[in-house]
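For the sequence shown, this note's numbering begins at 9 and goes up steadily by one. C-beta: ideal position from N, C-alpha, C; glycine also. Just so we're clear, the structure is a prediction, and the values are computed from it rather than from any experiment. Heads up: the structure comes next, in structure tokens.
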Amino acid sequence: MLRRATAQHQPMLLPIVSPLIAIASAFGVGAILILMAGKSPITAYSALFQESLANYYGFGNTLTKTTPLLLTSLGVLVALKANQFNIGGEGQIYMGGLGSSLIGLYVKGLPPVIHLPLALLGGFLLGAIWGLIPGYLKAIRGVNEVITTLLLNYVAQNLISYLVHEPMMQPGAPSPFSPKLAASAQLPTLLPQTQTHAGILIALLAASILWVVLVYSPLGYQIEAVGQNPIAARYAGMSVKSTIMLVMSVAGGLAGLAGACEVMGLKYRLFEDFSGGYGFDAIAIALLSRGSIAGIVLTSLLFGALRSGANVMQRSAGVPVTVVYAIQGLTVLFIAISLALEGKMRRQLGTKLS
Numbered sequence: 009m010l011r012r013a014t015a016q017h018q019p020m021l022l023p024i025v026s027p028l029i030a031i032a033s034a035f036g037v038g039a040i041l042i043l044m045a046g047k048s049p050i051t052a053y054s055a056l057f058q059e060s061l062a063n064y065y066g067f068g069n070t071l072t073k074t075t076p077l078l079l080t081s082l083g084v085l086v087a088l089k090a091n092q093f094n095i096g097g098e099g100q101i102y103m104g105g106l107g108s109s110l111i112g113l114y115v116k117g118l119p120p121v122i123h124l125p126l127a128l129l130g131g132f133l134l135g136a137i138w139g140l141i142p143g144y145l146k147a148i149r150g151v152n153e154v155i156t157t158l159l160l161n162y163v164a165q166n167l168i169s170y171l172v173h174e175p176m177m178q179p180g181a182p183s184p185f186s187p188k189l190a191a192s193a194q195l196p197t198l199l200p201q202t203q204t205h206a207g208i209l210i211a212l213l214a215a216s217i218l219w220v221v222l223v224y225s226p227l228g229y230q231i232e233a234v235g236q237n238p239i240a241a242r243y244a245g246m247s248v249k250s251t252i253m254l255v256m257s258v259a260g261g262l263a264g265l266a267g268a269c270e271v272m273g274l275k276y277r278l279f280e281d282f283s284g285g286y287g288f289d290a291i292a293i294a295l296l297s298r299g300s301i302a303g304i305v306l307t308s309l310l311f312g313a314l315r316s317g318a319n320v321m322q323r324s325a326g327v328p329v330t331v332v333y334a335i336q337g338l339t340v341l342f343i344a345i346s347l348a349l350e351g352k353m354r355r356q357l358g359t360k361l362s
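Here it is, written out as structure tokens:
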């Protein structure tokens, strides 16, 4: 009886233990790479985390980089809840940046209390539209969302490239970027003398709202039901097609909000390639979180710290920045391995208990 109870508790611990093991394994392999380069892993990791978390300016930079990661990974998560794999966060970030830029540049004469939320809404809506396209194609036409979201990344990126090179380019600019957004459409700075802006508060608010919706609302139950068993959800009277389109729209909107925060809080202009791969890192963060909003927040902070401290690690310890990218990639690899092993353990446990 005791053995049976212990076996039943093992799967409950796996979602907590597996990500920790994956992260520790990635840092372990990263330490081996650092040793192979003739450097000290202790010195490198100390410089990495001391600068990104214990230093005032470094921590501000960490929060700045955490903002788009958190918002975009929330979008990936909400899609995963309905068993939809949204890898279009990068393109949705670009479209969100475009939406906020259009409001910030061409809507004039508004006070900040109206202009600021309006520009954020523009970013959210354009990102949501970009997410709705693959959602519609999946729900109505049966087109795989992985393919459409991936391809739309390149469409969005090239669209932004065209706009900042041609119609939206500031006259006489040394490189392709738009004119500066109106001051009334710029997010305020949170930490003086840093780039930390109010976008991190927006991201945390979005995480809180999404947690309430997914855990306590009927809509959250519907999303879970569609993700777990769409046939049963349909027999229960739930619209599977509308749920798919909804979660993909929300996913796109959250990523679009990330792009809006980047433009309105950091760049103040629309630049070419302003995202820097946040949409792809968000996929790893969502997988590591294992469906937990708290896990999303903590993992986004970890990845933000890695991005923030990478250059300092290179300067202080002589370790290339590519080691940090390798750690991020290894984390994804190890979490994928842990998911496969977890599935095998659950099947074996089910066989033993039956």
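> In or out: glutamate 174 buried (at least 16 other Cβ within 10 Å) or exposed?
Replying inline: Glutamate 174 should be labelled exposed.
> Can you tell me where the alpha helix (DSSP H) with alanine 290 in it begins and where it stops?
Replying inline: Counting along the chain, the alpha helix (DSSP H) containing alanine 290 begins and ends at 286–297.
> Can you give, in chain order, each stretch of the alpha helix (DSSP H) that sits fully within the segment 118–203 and has at least 4 residues?
Replying inline: Here the runs fully enclosed are 120–149, 153–173.
>> Judging by CA-CA distance, which residue of Ile210, Pro187, Ser186 is the nearest neighbour of proline 196?
In response: Closest by alpha carbon: Ile210.
>> Which residue marks the beginning of the alpha helix (DSSP H) containing valine 255, and which one marks its end?
In response: 248–270 is the span of the alpha helix (DSSP H), which, as asked, contains valine 255.
> When you compare each of Thr80, Glu59, Phe35, Ala62 to leucine 212 by their alpha carbons, which one comes out closest?
Replying inline: Closest option to leucine 212, judged by alpha-carbon separation, among Thr80, Glu59, Phe35, Ala62: Thr80.
> Just checking my contact of glycine 135 with leucine 265 at CB under 8 Å: how many whole Å lie between their CB atoms?
Replying inline: So it is a contact: roughly 7 Å between Cβ atoms.
> Does the Cβ of lysine 116 have 16 or more other Cβ atoms within 10 Å, making it buried, or fewer, making it exposed?
Replying inline: Sixteen is the threshold: since fewer than 16 other Cβ atoms of the shown chains lie within 10 Å of the Cβ of lysine 116, the residue is exposed.
>> Rounding to the nearest angstrom, what Cα-Cα distance links histidine 17 and valine 25 in this structure?
In response: Low confidence applies here, because histidine 17 scores a pLDDT of 46, under 50, leaving its location unreliable and the question unanswered by this model.
> Mapping DSSP to helix, strand and coil, what is phenylalanine 279?
Replying inline: Three-state result, phenylalanine 279: strand.
> What span of residues does the alpha helix (DSSP H) with alanine 214 cover, start to end?
Replying inline: Residues 207–224.
> Are glutamine 100 and alanine 263 closer than 8 Å when you measure CB to CB?
Replying inline: A contact, by the Cβ cut-off of 8 Å.
> Roughly how many angstroms separate the alpha carbons of valine 172 and asparagine 166, rounded to a whole number?
Replying inline: Those two C-alpha atoms are separated by around 10 Å.
> How many whole angstroms separate the CB atoms of glycine 267 and glycine 104, which I take to be in contact at a CB cut-off of 8 Å?
Replying inline: The C-beta separation of glycine 267 from glycine 104 comes to about 3 Å, placing the pair in contact by the 8 Å criterion.
> Are the beta-carbon atoms belonging to isoleucine 111 and glycine 130 less than 8 Å from one another?
Replying inline: Between isoleucine 111 and glycine 130, the gap from beta carbon to beta carbon is short of 8 Å.
> Alpha carbon to alpha carbon, what distance is there between leucine 227 and lysine 275?
Replying inline: Straight-line spacing of the CA atoms in lysine 275 and leucine 227 works out to 36 Å.
> Hey, is the segment 326–340 in contact with the segment 242–258, meaning 3+ C-beta pairs nearer than 8 Å?
Replying inline: The segment 326–340 vs the segment 242–258: no contact.
>> Distance check for alanine 191 and serine 441, CA to CA, integer angstroms please.
In response: It is not possible to answer for residue 441, since the shown part of the chain is limited to 9 through 362.
> My guess is that isoleucine 231 and lysine 89 are in contact by the Cβ rule of under 8 Å, so how many angstroms apart are they, rounded?
Replying inline: Right, the Cβ-Cβ distance comes to about 5 Å (below 8 Å), so this counts as a contact.
> What's the gap between the Cα of alanine 259 and the Cα of glycine 46?
Replying inline: Taking the straight line joining both Cα atoms gives about 43 Å.
>> Quick check: the Cα distance between valine 6 and alanine 87, rounded to an integer number of angstroms?
In response: Because the chain is modelled from 9 through 362, residue 6 falls outside the range shown and cannot be assessed.
>> Using a 10 Å radius around the Cβ and a threshold of 16 neighbouring Cβ atoms, would you call asparagine 94 buried or exposed?
In response: Around the beta carbon of asparagine 94, 16 or more other beta carbons lie within 10 angstroms, which makes this residue buried.
>> Considering Cα atoms alone, identify which of Pro182, Ser300, Ile304 is closest to alanine 290.
In response: Taking each of Pro182, Ser300, Ile304 in turn and checking the Cα distance to alanine 290, the smallest one comes out for Ile304.
> Are glycine 299 and leucine 85 touching if we call contact CB-CB under 8 Å?
Replying inline: With a cutoff of 8 Å on beta-carbon distance, glycine 299 and leucine 85 are scored as near each other.
> Taking Cβ positions, are phenylalanine 342 and alanine 30 nearer each other than 8 Å?
Replying inline: In this structure, alanine 30 lies closer than 8 Å to phenylalanine 342 by Cβ.
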